[in-house]
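For reference, the structure is listed below as structure tokens.
Residue numbers (the working numbering): 2 to 115.
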């Protein structure tokens, strides 16, 4: 299963984070945002901040951050705690938490299943 989190700012694509079972989450950043440095405080996960270039910050967030699937579990699904690369439930939780943290700054995170 492939899951993609599309991040945009006021309708302009910023980055895509792609989950594939068993692999690191792949992050691709739009050319206009590749040199931009960011620093956002994160309140909706165990991670404290999203800091650095978009690519570095999102790579660290999804591949090294810690998430708890408790808030996004489907009926019968086992609870998981770990990085977003470890399981689709953790990736979903990471994307949802990122949406809540970035939305006040004009960003939107849309998750698509492929």
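Each residue gets a CB set at the ideal place from its N, CA and C atoms; glycine is no exception.
- Membership of residue 97 in any beta strand (DSSP E) is not indicated; the residue belongs instead to the alpha helix (DSSP H) covering 89–103.
- The C-alpha of residue 65 is placed about 14 Å away from the C-alpha of residue 23.
- Looking at the DSSP output, residue 51 shares a beta bridge with 41.
- Put simply, the backbone Cα of residue 72 is about 22 Å away from that of residue 115.
- CA-CA distance, residue 18 to residue 78, rounds to 23 Å.
- Judged by DSSP secondary structure, residue 14 falls within the beta strand (DSSP E) whose first and last residues are 13–21.
- Residue 69 is bridged by DSSP to 82.
- According to the DSSP assignment, residue 29 belongs to the beta strand (DSSP E) that extends over 27–30.
- Taking the Cα of residue 6 as reference, the smallest distance to any Cα among 86, 105, 106 is reached at 86.
- Of the candidates 28, 70, 80, 108, 28 places its Cα closest to the Cα of residue 58.
- If you compare the alpha carbons of 89, 69, 3 with that of residue 81, the shortest gap goes to 69.
- For residue 7, the enclosing beta strand (DSSP E) stretches over residues 3–10.
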